[in-house]
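Here it is as structure tokens:
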């Protein structure tokens, strides 16, 4: 099957409020989509829902391949070193042999002895993204992957993404920073029913 991810009339709900207009989308092998929209529109919530962390949605979605979700907040122990944190995830996913290549790809070997709390924001984000190199997954769900990265690190990320797509992978990437991808999906706030009274609309 060439389709990796399918969304059908999909929307997120929070406290009985619809965050964005329903969207439909199909991501095939070799495709990456930028997920765009204003702050608070629900980009992170959409990715969390696809990864099983949120269940307040309408419509439907189908994940046809294994995925890897990389959030904005690295799930690392602040006191442990970069090497210890990545070693944990490599072992957790049962790919310990991938650790060396991940450190090399993301330029982290010279930082591997430092506790996570002593890394800069950019270094922490590179460590977070290095998890992409630890576990093979056809679908990447990425939340602001280039946040806090300098241009050199953005280039490394773009190279990793290009390689992933060339190997038949796919990606859905929430971002405020254009990645110059051909495909985009823009989340839009629901339209307010103009026929409703002001009091009823507020309620």
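Numbering (the working numbering), first residue to last: 19 to 221. No residue lacks a Cβ here, since even glycine has one placed at the ideal position from N, Cα and C.
Query	Result
Selected residue, minimal CA-CA separation from residue 159, among 58, 128 and 63	63
Beta-bridge partners of residue 159, as assigned by DSSP	87 and 190
Residue range of the unbroken beta strand (DSSP E) whose run includes residue 24	21-32
Rounded C-alpha distance that separates residue 152 from residue 113	6 Å
Residue from 140, 109 and 75 with nearest C-alpha to residue 124	140
Inter-residue Cα distance where the pair is residue 37 and residue 69	18 Å
Reference residue 126; option with closest CA among 100, 59 and 191	100
Pairwise C-alpha distance: residue 94 and residue 209	40 Å
First and last residue of the uninterrupted alpha helix (DSSP H) at residue 178	169-184
Cα-Cα separation between residue 59 and residue 121, rounded to whole angstroms	34 Å
Exposed unless 16 or more other CB atoms sit within 10 angstroms - verdict on residue 135	exposed
Identity of the residues DSSP links to residue 50 by a beta bridge	189
Alpha carbon of residue 30 to alpha carbon of residue 76, nearest angstrom	6 Å
Between the CA atoms of residue 84 and residue 193 - distance to the nearest angstrom	22 Å
Residue ranges of each alpha helix (DSSP H) within the region 55-134, 4 or longer	61-68, 100-110 and 117-123
Extent of the continuous beta strand (DSSP E) to which residue 203 belongs	201-204
Coarse secondary structure for residue 138, derived from DSSP in three states	coil
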